[in-house]
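S.K.: Attaching a single structure in structure tokens format; questions to follow.
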Amino acid sequence: MVNDARRPGRPRTGVREAVLAAAEEILAEAGVARLSTKEVARRAGVAESSIFYHFRDRLGLLRAVVHLHLPRYKEVAEELGRRAGHGTVRDNLVELLGSLEAYYTRITPVLAAVQADSELRELFTQRSSEANIGPQRGLAPIAAYLGRERDLGRVRAGLDLDAAALVILGVAHQRAVLRSLGTPAVAGAAQVVDTLLPGLLPD
């Protein structure tokens with residue numbers, strides 16, 4: 093009997109989710125070398141044509157995996173915005189760093205896959221530019237939070253908001269990379285924030 097997922101025509105409900113889950117599993121286990129549409133289809137139990145139907149090509153599939161986790165980043169950003177003026181700046185940044193690290197831990201295998209393939213990297217850059225998306229968009233909510241704290245006098249008046257946001261984002265990403273390589277972070281989130289605080293807080 094032929095599996096319904098392999099019949100021609102419009103793919104069955106749930107194919108997109110199954111393909112994304114299979115792609116994430118493959119990237120986490122073996123990286124981009126094993127991320128072929130054929131292998132993803134086999135792992136997901138769907139027809140290979142379904143991948144092209146939903147995602148256009150392999151790059152479209154990788155971008156969809158990244159976008160799958162964007163709501164989590166938006167949740168982090170929204171929660172951060174609500175914290176301005178509440179609690180302590182230190183506690184807020186410790187929680188932010190932990191949340192960002194968890195987010196990057198999920199998408200680092202995808203970003204590594206894109207960087208490892210010159211064709212994918214070029215296409216990813218081109219399409220991201222056309223859609224005005226990319227890592228730089230992640231700086232805005234952090235800079236906005238620090239700006240609100242600065243207006244409240246809880247952050248140094250002369251702070252370069254974008255530079256500070258870049259440092260925080262970079263630390264979170266690097267910690268996620270270390271985690272993906274099986275290397276423990278050299279310092280905890282609280283230790284990192286304590287190191288940064290003298291340059292952030294008012295004199």
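Residue numbers 93 to 295, in this note's numbering, belong to the letters of the sequence shown in order. Beta carbons are placed, not taken as given, at the ideal position from N, Cα and C, and that holds for glycine.
Quick one: is H265 buried, meaning 16 or more other Cβ sit within 10 Å of its Cβ, or exposed?
M.R.: Flag for H265 reads buried.
S.K.: Determine, using beta carbons only, whether A176 and I234 come nearer to each other than 9 Å.
M.R.: Not a contact, by the Cβ cut-off of 9 Å.
S.K.: Along the alpha helix (DSSP H) that carries T129, what are the first and last residues, could you check?
M.R.: Element bounds for T129: 129–136.
S.K.: V181 and V138 - do their beta-carbons sit closer together than 9 Å?
M.R.: Not in contact: V138 and V181 (Cβ atoms no closer than 9 Å).
S.K.: Within a Cβ cutoff of 8 Å, which residues of the same chain sit near F144, ignoring the five residues on either side of it in sequence?
M.R.: The residues are T129.
S.K.: Please determine, among G190, G274, R246, G230, the residue with the shortest C-alpha to C-alpha distance to L258.
M.R.: Cα-wise, what sits closest to L258 is G230.
S.K.: Specify, as a first and last residue, the run of the alpha helix (DSSP H) that A125 falls within.
M.R.: Segment: none, A125 is in no alpha helix (DSSP H) and carries neither H nor E.
S.K.: How many angstroms separate the CA atom of V158 from the CA atom of I199?
M.R.: So the alpha carbons of these two residues sit roughly 6 Å apart.
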